[in-house]
Amino acid sequence: MVFAALLVLLLGPPTILLAFRYVPPPVTPLMIIRLFEGEGLRKSWTSLRRMPPSVVQAAIASEDNRFCTHSGFDWNSINAAIEDWRAGGRLRGGSTISMQTAKNLFLWPGRSWVRKVLEAWLTVQLELLWDKRRIMEVYLNVAETGPGIYGVAAAAEAHFGKDVADLSAREAALIIAVLPSPRSWSAAKPGPYTQGRARTIQARIRQLGPLLDCVRGE
């Protein structure tokens with residue numbers, strides 16, 4: 001029994017990741033949790049090719065500047081998060097887009113060392129089995145973008161009443177700006193803080209240059 005459990009733990013995630021390299025993930029643990037909490041489930045899978053470049057650029061500018069150059073972990077951000085925690089601050093993420101994608105696909109919400117260890121193990125597998133464009137594509141399709149809303153395509157329709165391909169650069173930045181707290185902040189009715197985050201994201205995009213190379217159109 002123990003051997004079988006270990007076998008599932010070791011082989012299960014890589015097998016699923018290999019499948020998800022080619023097919024859209026049908027559902028995530030967070031989607032199921034939120035559904036049982038009564039928030040509904042609104043999602044619409046869209047390929048990276050149909051998303052405007054501003055969406056992908058905004059994600060990197062906001063969430064993970066070194067996405068194209070790291071192998072799943074941004075050690076500078078992780079070390080800074082650990083130092084803040086040792087100094088008495090709260091345990092914060094330091095999570096890359098790869099880490100967030102691994103978490104979204106397999107794990108539950110919350111902050112604990114157990115979950116972070118599992119997230120790290122899954123991230124290693126994700127980076128080995130997928131390329132950067134696939135990681136970004138899945139991330140932008142499964143990330144929570146509002147109560148009961150997942151992915152930028154569903155967010156574009158819910159918040160702005162338009163297809164994701166028609167989003168303006170500002171609208172793309174607003175959708176990405178709410179990702180740290182999508183149930184509290186609104187892309188459709190942004191407050192001063194969210195609007196400020198969106199402006200900062202747009203300014204950062206102009207500074208990234210070659211740091212966007214791995215996600216440029218095929």
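Residues in the sequence shown are numbered consecutively from 1, following the numbering used here. Every residue gets a Cβ at the ideal spot worked out from N, C-alpha and C, and that includes glycine.
For Glu144, the enclosing beta strand (DSSP E) starts and ends at Glu144 to Gly146. With a 10 Å radius around the Cβ and a threshold of 16 neighbouring Cβ atoms, Asn104 comes out buried. Spatial neighbours of Arg134 in its own chain (CB-CB distance under 7 Å, excluding positions within 5 residues in sequence) are listed in chain order as Arg21.
Within the same chain, and ignoring the five residues on either side of Ala19 in sequence, no residue has its Cβ closer than 6 Å to its Cβ.
Arg216 sits in coil when the DSSP states are folded into three classes, being neither helix nor strand.
For Tyr193, the enclosing alpha helix (DSSP H) begins and ends at Pro192 to Leu208. Burial is judged here by how many other beta carbons sit within 10 angstroms of a residue's own beta carbon; Leu128 has fewer than 16 and is exposed. Straight through space, the alpha carbons of Gln125 and Asp131 are spaced by roughly 11 Å.
DSSP, reduced to helix, strand and coil, places Lys116 within a helical segment of the structure shown.
Spatial neighbours of Ala58 in its own chain (CB-CB distance under 6 Å, excluding positions within 5 residues in sequence) are listed in chain order as Ala172, Ala173, Ile176 and Ile201.
Nearest to Ala188 by alpha-carbon distance, out of Lys116, Gln207, Ala102 and Arg170, is Arg170.
By the C-beta criterion, the stretch 190-205 is judged not to be in contact with the stretch 149-168, since fewer than 3 inter-stretch pairs fall below 8 Å. Our two residues, Ser62 and Val178, have alpha carbons roughly 10 Å apart in a direct line. For Lys43, DSSP records a beta bridge to Tyr150. The stretch 41-61 makes no contact with the stretch 98-117: fewer than 3 CB pairs, one atom from each, lie closer than 8 Å. Annotation for Met99: the continuous alpha helix (DSSP H) segment containing it runs Ile97 to Phe106. When Leu212, Ser168 and Arg34 are compared, the shortest CA-CA separation from Glu144 is found for Arg34.
Inter-residue distance for Ala203 and Asp64 is about 15 Å (C-alpha atoms, whole angstroms). The DSSP-derived three-state label of His70 is coil. Sixteen is the threshold: when 16 or more other Cβ atoms of the shown chains lie within 10 Å of the Cβ of Val138, as they do, the residue is buried. Asn76 and Pro109 have their C-alpha atoms spaced approximately 24 Å apart. At the C-beta level, Val215 and Phe73 stay beyond 9 Å of one another.
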